[in-house]
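Undergrad: If you count the sequence shown from 1, you need to add 139 to reach the working numbering.
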Amino acid sequence: MTGGGSHGLPPGYWTDDTSMALCLAESLAERGFDPADQLERYLRWFREGHLSSMGEGFGIGNTTRGAILRFEETREPYCGPTGSETTGNGSIMRLAPVPLFFVQHPEKAIERSAESSRTTHGAPSCVDACRYFGALLVGAANGAGKVELLSTRYCPVPGYWKERPLAPEIDSIAFGSFKRKEPPEIKGSGYVVRSLEAALWAFYRSGSFEEKCLLAANLGDDADTTAAIHGQLAGAFYGKEGIPERWLTKLAHRPLIEEYAGKLFEGRPDNV
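(1) Do G327 and C353 count as a contact pair if the criterion is CB distance below 7 Å?
(2) Starting from V237 and walking both ways along the alpha helix (DSSP H), at which residues does that stretch end?
(3) For W386 and K285, I'd like the C-alpha separation in whole angstroms.
(4) Taking 6 Å as the line, does the beta carbon of L182 fall inside it for any heavy atom of the ligand GDP?
(5) Can the beta-carbon of H201 be found less than 7 Å from the beta-carbon of V331?
(6) Taking 8 Å as the limit between beta carbons, can you name the residues of its chain near F197, skipping five residues before and five after?
(7) Mapping DSSP to helix, strand and coil, what is Y299?
(8) Taking the alpha helix (DSSP H) that D156 falls in, what are its first and last residues?
(9) Closer than 6 Å by C-beta to A164: which residues in its own chain qualify, once you throw out the five before and the five after it? Chain order, please.
(10) Quick check: the Cα distance between M159 and K301, rounded to an integer number of angstroms?
(11) Are the CB atoms of D361 and L305 within a distance shorter than 7 Å?
(12) Mapping DSSP to helix, strand and coil, what is G227?
(13) Provide the residue(s) that pair with Y330 in DSSP beta bridges, ordered along the chain.
(14) Between the stretch 210-229 and the stretch 248-260, can you find at least three pairs of beta-carbon atoms closer than 8 Å?
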């Protein structure tokens with residue numbers, strides 16, 4: 140593991156993707172699903188460096204920034220713009236705490252995954268990327284095999300996509316577009332559709348957790364987010380045991396991350 144990147148971070152330090160995921164996990168553990176509280180914590184990260192690996196907010200995307208500033212002014216809980224020009228990957232990159240919190244309730248997990256996107260990213264492709272990816276994360280965490288997870292339009296809730304169809308560009312991915320492409324058609328990107336497709340392409344490849352994560356990261360461009368999206372699914376699928384110990388040893392503030400993982404697990408609702 141080496142440091143560097145566009146932010147010049149030491150090895151094991153994280154970017155905005157993980158900071159926002161930790162804010163989301165903290166909110167869920169302490170308040171349940173509360174969109175306004177989620178935004179309040181994102182605002183603290185942006186302004187004060189709350190849950191940043193370096194003590195300051197950095198790396199924020201334009202759509203996320205705009206939504207947080209709108210919340211700061213209006214206190215509205217769903218501040219994500221809905222235009223086609225705001226289809227970045229800023230909501231899917233932080234998603235995992237939501238489906239893991241509702242892992243015992245797959246349909247609720249999918250619904251809340253969508254709502255968690257709308258706090259900062261309300262475009263249909265962003266919302267539906269989170270719905271589909273939330274379904275994959277719930278399935279992986281509940282023990283679904285790789286072939287099942289990557290089957291056509293997988294969902295842990297039978298008939299769900301038929302009743303609540305995905306946006307066409309996300310449905311194409313759910314149909315398996317990532318299986319039929321290779322780089323340069325597959326590439327890391329700030330665009331949510333490209334990011335999700337690239338992450339699933341890496342997961343589809345044979346190999347270990349480590350090999351697949353490196354595949355995702357080395358696609359370039361928005362590398363940290365492609366790897367973060369892939370890492371959520373790979374982590375849910377392989378579990379902590381699949382992560383190389385030498386990576387965990389270098390992980391900055393490891394006790395903090397393990398603390399929030401524990402709080403998220405302990406706070407899961409039995410009934411929703």
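All C-beta atoms, glycine included, are put in the ideal place defined by N, C-alpha and C.
Model, not experiment: these values are computed from the prediction.
TA: Once the coordinates are examined:
(1) Reading the sequence as shown, one finds Leu at residue 353 and not Cys. It is not a contact, given that the beta carbons lie outside the stated cut-off.
(2) 236-240
(3) 24 Å
(4) Ligands displayed in this structure: none; no statement on the ligand GDP is therefore possible.
(5) It should be noted that the sequence gives Asn, not His, for residue 201. Taking 7 Å as the Cβ cut-off, N201 and V331 do not qualify as a contacting pair.
(6) H146, T154, D155, S191
(7) helix
(8) 155-170
(9) P236, Y399, L403
(10) 32 Å
(11) no
(12) strand
(13) G227
(14) yes
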